[in-house]
Amino acid sequence: MNSLRKKNIKLRLSFFVIGFNLFAFFALGQTNANVPSKPQEVKKKVSLDRSLEPGVSDEISSLFENVVAVQRKAKVKSGKFLFAPYLSIDFSDSPQTMYAMNLNIGYAAGEYFEIYLNYVPSYVNNERSISKKVRALPLYPDGKSPYLYVEKAKNSYGLELNWVPIYGKDSWGPYGIVRSDTFINFGISRLNYVIHSGFKSKIALGKTWFISDYWNLRLQAGGSFVETFNESEKKEIIVIGLLEGGLVYYF
-5 MNSLRKKNIK
5 LRLSFFVIGF
15 NLFAFFALGQ
25 TNANVPSKPQ
35 EVKKKVSLDR
45 SLEPGVSDEI
55 SSLFENVVAV
65 QRKAKVKSGK
75 FLFAPYLSID
85 FSDSPQTMYA
95 MNLNIGYAAG
105 EYFEIYLNYV
115 PSYVNNERSI
125 SKKVRALPLY
135 PDGKSPYLYV
145 EKAKNSYGLE
155 LNWVPIYGKD
165 SWGPYGIVRS
175 DTFINFGISR
185 LNYVIHSGFK
195 SKIALGKTWF
205 ISDYWNLRLQ
215 AGGSFVETFN
225 ESEKKEIIVI
235 GLLEGGLVYY
245 F
């Protein structure tokens, strides 16, 4: 009786172990089936489609065809008073070089025109080397020394007009930008010599760099027609080159 009971118990345990293993097997298999597998990464090189680049005749080009960039002006000059002192140096074949400190007082009659009263209180006349070489030549038979004569200038006064048709900006160094104006300068003045008087006219091209709100840098170069007088007091007209530079103040 006891051996039969032991056989029943062993049989039941065997069925229990087999059933538990089957349950675990199917349960784990179902769990792994629900977990998605990691897709394999596919590396594919994508090349650019050059046919999509805009051409000259495409619509994107015509979009900016009539776009114009307008520079901002450095300052509003209309109605302002101006003071422009500058140094003038002439270049010519005259026996003397004239240096002059010009004092200009002006008014901005609009954004494109500046009118000045020009006054030079005194000229510095420096004898050139050619004149010195002529004086070093042997004396004439009558005992006179050869020399080149030209009457020395004393002072002058007149009018100047600046026409300012162009404005923009300039690059100073790798990072600095300075706004500027480009102008044409016209002038006429009365030139007083030691004895006589004559007229002087000029035309020059120049630029003004706006460094600050009040004072600004100005440089111009051009030519001038000047009436001079020789030893026999005969009037002559000579052409000289001019280099002028200084400051301009806007009030």
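In the working numbering, the protein residues as written are -5 to 245.
Note that the Cβ used here is the ideal one computed from N, Cα and C, for glycine as well.
As the structure is a computational prediction, the values presented were derived from the model and not from experiment.
Pairing residue 194 with residue 214 gives a Cβ-Cβ distance that is not under 9 Å. Annotated as distal: residue 109 and residue 77, with beta-carbon spacing of 9 Å or more. Check the Cα spacing between residue 228 and each of 143, 91, 74, 179: the tightest is with 143. Here residue 116 is exposed, its C-beta having fewer than 16 other C-beta atoms within 10 Å. Between residue 180 and residue 154, the beta carbon gap of about 7 Å places them in contact (Cβ cut-off 8 Å).
The three-state reading of DSSP puts residue 123 in helix, counting H, G and I together. A residue is called buried when at least 16 other Cβ atoms come within 10 angstroms of its Cβ; residue 192 meets this threshold and is buried. For residue 69, no beta strand (DSSP E) encloses it, and the DSSP letter there is neither H nor E. Between the alpha carbons of residue 130 and residue 139 lies a gap of roughly 8 Å. Cβ-Cβ separation between residue 92 and residue 119: approximately 6 Å, consistent with a contact (criterion under 8 Å).
Look at the segment 120 to 175 and you find these whole runs of beta strand (DSSP E), each 3 residues long or longer: 147 to 166. Secondary-structure assignment with DSSP links residue 79 through a beta bridge to 97. For residue 200, the three-state secondary structure derived from DSSP is strand. Linking residue 243 to residue 132 through their CA atoms gives a straight-line distance of about 53 Å. Its chain contains 71, 72 as the residues whose beta carbon lies nearer than 7 Å to that of residue 105, once the 5 sequence neighbours on both sides are disregarded; these appear in chain order.
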